[in-house]
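To start, the structure itself, in structure tokens.
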Amino acid sequence: MRALAEDHSDLDHHSDLLVGPDQAPLLARPYYASGDPGPIVAALAQVPELLETAMPFLGAALGPSGIDWRTKEIVIVRTSALAGCRYCVQAHTVVALDAGLSLDEVRALRTDIAVADAFTDPRELALLDWVDVVAGSGPVTDDARAAVRRRWAGHEVVELTALVGATLLLNRFATALALPTGPDTTARLATEGLS
Amino acid sequence: MTASTVDGPIAGAVAEGTLPGRVWMYANYHCNIACVYCLTESGPRVAPRVLDAQAMLDVARQAAELGFTDLGVTGGEIFLRPEMPDLLAEISRHLPVIALTNATLFQRRLLDRIDVLAGLPVALQISLDRPDADANDAMRAPDNFAKVVAAIPELVARGISVRIATTVESIDDVELDRLCALHRGLGVPDEDHVIRPIVARGRAIDHGLGVGAVVTDLPAELTITADGAFWSPFGPTVHGGLLDTDLLITRTTAPLSVPAKALLRLVEGQPRGADSALNIR
Ligand code: SF4
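Listed in order, the protein sequences are those of chains E and L. Heads up, the first sequence is in the working numbering, so the first residue is 263 and it goes up one at a time. Heads up, the second sequence is in the working numbering, so the first residue is 5 and it goes up one at a time.
Below is the structure:
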């Protein structure tokens, strides 16, 4: 069911696709309670029932879990860089630094320098090989699966693979909707020389 | 189907009084006039945002199946849609209907077609704000008063149930007495006259009119539009040509159980005693 007008761009308050706090729908209001919820929430707030389903999933996939923070940020930054997502790379560059990754490690994840120049841990190298395969568009071979399984438990492979998938979802969402990088993130990236 | 034969969380909440029994539908947003306090900035040239006939029939059927007890149809001016008399008759087969109209389009042709509503559980709720044409028309449109007082007896004579809605910032006792004498004389008894405040949404904001209303001031009546489901018929308002989303519940309107259950969750999350004293109905 849609209105009859063919061009909807002038019919709602959200010409930039982001919902401001004064127009936050009822189910979205908790996300605005402590200030600017960020552009992912502000976009999903257009469809409140989608927001309240998506956010718990995204929180479980990208947020704290049984897998340590550093490992998760390795996956998120690498996946986002391979997908060419400016918003996610910038946002998670900052998060990755906060999670303890070095500047060189972040540069390697962002494909600015070679992975081998920054990472030496065999487990992390195996994970990065897996992320490159999963986030790529080619086939996922039995050899690739076997390689990651040698270093990571089955439940970890499942969770990290789901993390790649969830990140790709956000990558395409953020890229397609041209979500804006926040001023705090931009300033931090400049400070770190990672703009 | 009656509410007493329906099970489920919505029927239970309606029976307990946790949820209001009425489901509203915005049939359209365009109107032949442009009242100064219009919540939806309706007028002849606005986007019609039509809720199509099949969608309205589906809402009516599903509302009855879920255990709601009444329907409301509003706009815009709903009788700008030529099929409206027959559509109201159809949806009233599911639940009783109140249909809001400015009653300015009831010339002979529409009056003849509206005969299908005679004896059906459909009440037309007609706006009449003041007992004097000048004061009434200043807020609504030229000749509005004359058209309304001409239409009401015609409708009553046809056996169509008529209610009067008076929307005012304030009205003194003398003026109210004269207004009530007028509607009684037109064949509408006191129990079918509602008085409600102007709400500061839509065009009312630009004219500095109305009371500010937050969610708890507004009845939690599920309201379906072409743009989604809202909390109360005061929710899907338009300001500056843009649809407000602060009282949006879900974009999903079918199946109706999706917004109905989301509304119930929101209502159950309200603090006790949070309902309004503003008498916005
Ligand atoms: S208040 Fe009713 S009659 Fe007046 S412009 Fe709005 S929709 Fe039309």
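For each residue, glycine too, the CB sits at the ideal point set by N, CA and C.
C-beta atoms of residue i and residue j nearer than 7 Å
| i | j | result |
| --- | --- | --- |
| residue 153 of chain L | residue 159 of chain L | no |
| residue 410 of chain E | residue 388 of chain E | yes |
| residue 169 of chain L | residue 37 of chain L | no |
| residue 120 of chain L | residue 103 of chain L | no |
| residue 98 of chain L | residue 127 of chain L | no |
| residue 172 of chain L | residue 206 of chain L | no |
| residue 420 of chain E | residue 337 of chain E | no |
| residue 447 of chain E | residue 358 of chain E | no |
| residue 89 of chain L | residue 134 of chain L | no |
| residue 71 of chain L | residue 18 of chain L | yes |
| residue 87 of chain L | residue 106 of chain L | no |
| residue 211 of chain L | residue 197 of chain L | no |
| residue 50 of chain L | residue 143 of chain L | no |
| residue 109 of chain L | residue 268 of chain L | no |
| residue 253 of chain L | residue 240 of chain L | no |
| residue 249 of chain L | residue 287 of chain E | yes |
| residue 347 of chain E | residue 428 of chain E | no |
| residue 34 of chain L | residue 13 of chain L | no |
| residue 148 of chain L | residue 138 of chain L | no |
| residue 163 of chain L | residue 122 of chain L | yes |
Residues near residue i by beta carbon distance below 7 Å, same chain, minus five either side
| i | result |
| --- | --- |
| residue 219 of chain L | 235, 251 |
| residue 96 of chain L | 124, 125, 126 |
| residue 301 of chain E | 280, 441, 442 |
| residue 203 of chain L | 43, 214, 215, 217, 238, 284 |
| residue 114 of chain L | 83 |
| residue 266 of chain E | Interpretation of residue 266 of chain E is limited by its pLDDT of 37, a score under 50 that renders its predicted location unreliable; the figure taken from the coordinates is listed afterwards. Taken in chain order, the list of residues that qualify is empty. |
| residue 426 of chain E | 337, 341, 393, 396, 397 |
| residue 1 of chain L | The structure shown has nothing for residue 1 of chain L, since chain L only spans 5 to 285. |
| residue 283 of chain E | 294 |
| residue 5 of chain L | Residue placement at residue 5 of chain L is poorly supported in this model, since its pLDDT is 49, which falls under 50; the coordinates are not used for a value here. |
| residue 370 of chain E | 376, 377, 379, 380, 381 |
| residue 452 of chain E | none |
| residue 299 of chain E | 293 |
| residue 182 of chain L | 135 |
| residue 58 of chain L | none |
| residue 94 of chain L | 61 |
Nonlocal neighbours in the same chain, by C-beta distance under 8 Å from residue i, ignoring five residues either side
| i | result |
| --- | --- |
| residue 85 of chain L | 31, 32, 54, 91 |
| residue 333 of chain E | 386, 389, 422 |
| residue 317 of chain E | 293, 303, 306 |
| residue 62 of chain L | 258, 260 |
| residue 74 of chain L | 25, 26, 27, 99, 100, 101, 102 |
| residue 430 of chain E | 341, 345, 397 |
beta-carbon residue i near the ligand SF4 non-hydrogen atom, thresh 6 Å
| i | result |
| --- | --- |
| residue 107 of chain L | no |
| residue 38 of chain L | yes |
| residue 42 of chain L | yes |
| residue 80 of chain L | yes |
| residue 236 of chain L | no |
| residue 296 of chain E | no |
| residue 347 of chain E | no |
| residue 46 of chain L | yes |
| residue 350 of chain E | no |
| residue 35 of chain L | yes |
Neighbourhood of residue i by C-beta, 6 Å cutoff - its chain only, sequence neighbours within 5 removed
| i | result |
| --- | --- |
| residue 281 of chain L | Confidence at residue 281 of chain L is low in this model, with a pLDDT of 48, below 50, so its placement is unreliable and the value that follows should be read with caution. Correct list: empty, nothing qualifies. |
| residue 290 of chain E | 307, 310, 313 |
| residue 45 of chain L | 206, 207, 242 |
| residue 356 of chain E | 447, 450 |
| residue 155 of chain L | 107, 110 |
| residue 465 of chain E | The question about residue 465 of chain E has no answer, for chain E in this structure spans 263 to 457. |
| residue 265 of chain L | none |
Test: residue i CB closer than 7 Å to a CB of chain C
| i | result |
| --- | --- |
| residue 287 of chain E | Reference to chain C is not applicable here, since the protein chains of this structure are E and L. |
Any non-hydrogen atom of the ligand PLP closer than 6 Å to residue i Cβ
| i | result |
| --- | --- |
| residue 258 of chain L | This structure simply doesn't include the ligand PLP; it includes the ligand SF4 instead. |
The stretch 221-230 of chain L touching the stretch 256-270 of chain L, judged by at least three CB pairs closer than 8 Å: Contact between the stretch 221-230 of chain L and the stretch 256-270 of chain L is present, with at least three C-beta pairs closer than 8 Å.
Would the stretch 311-323 of chain E count as touching the stretch 343-359 of chain E if we require 3 or more Cβ pairs under 8 Å? No contact exists between the stretch 311-323 of chain E and the stretch 343-359 of chain E.
Segment contact flag, the stretch 362-380 of chain E with the stretch 396-405 of chain E, C-beta cutoff 8 Å, min 3 pairs: Short answer: they don't touch.
I want to know whether the stretch 305-320 of chain E touches the stretch 401-419 of chain E - three or more CB-CB distances under 8 Å. Contact fails: fewer than three Cβ-Cβ distances are below 8 Å.
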